[in-house]
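For what it's worth, the UniProt record's numbering labels the leading residue of the sequence shown as 1, then goes sequentially. Ideal Cβ positions, reconstructed from N, Cα and C, are used throughout, including at glycine. To keep things clear, I will list the structure first and then write my remarks on it.
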Amino acid sequence: MLDALTTAGRENSNAAVMYHTAMGERLGLGMSEEKTIDLLQRLGPLTAGEICRHTGLAPATVSNLIDRLEAKGLARRARHPMDRRRVIVEVDWERLAGFDELFAPLVTGLAGLYERYTDEQLELILDFLGRATAIQRDATAALTRQET
């Protein structure tokens, strides 16, 4: 069973990477750019440090990432509304218009999958995904610390 879980996890990871690579090509974005836009859409404006914490990427990598998103007109740096000394990164919602339509088939497919499970089963799946995500984020942060 553990071997099957490892294989299934790898297959799921590969499918996600390939999906987001194809989506990024369609949108003119690298995978880390696309996923950072996703973070900003879901969580709202973030500081560069917060982006580092959510992604596990090194500060220099995040700074370059923000520069690329700004150059593409998809995000911008702005003064923090509560602390003018801080800078936040926010998405340009007008430039993102229409992006959601590209994700609709995946979202619809997953919604249909979720309907097959009970609430109790969904809670278990949600717990697993949350824990697996934390492990993967920690592994990413460990790799970025080794770069410097």
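For Glu34 versus Gly49, is the C-beta distance shorter than 7 Å?
-> No.
C-alpha gap between Pro105 and Arg95, whole angstroms = 21 Å
Using the rule of at least 16 other Cβ atoms within 10 Å of the residue's Cβ for burial, across every protein chain shown, is Leu57 buried or exposed?
-> buried
With 16 as the cutoff for other CB atoms within 10 Å, does Val91 come out buried or exposed?
-> buried
Does the distance from the C-beta atom of Ile88 to that of Ala75 stay below 7 Å?
-> no
Euclidean distance between Cα positions of Thr36 and His80 | 18 Å
Take Arg42 as the anchor and find which of Ala141, Pro59, Thr144, Trp93 has the nearest alpha-carbon.
-> Trp93
Below 7 Å between beta carbons: does that hold for Cys52 and Pro59?
-> yes
What is the C-beta distance between Thr61 and Thr144, in whole angstroms, given that I count them as a contact (C-beta under 8 Å)?
-> Between Thr61 and Thr144 a beta carbon distance of about 7 Å is seen, short of the 8 Å cut, so the two are scored as contacting.
Between the CA atoms of Ser32 and Val107 - distance to the nearest angstrom | In a straight line, the C-alpha of Val107 is about 20 Å away from that of Ser32.
Could you tell me the distance, in whole angstroms, from the CA atom of Asp83 to the CA atom of Thr47?
-> 12 Å
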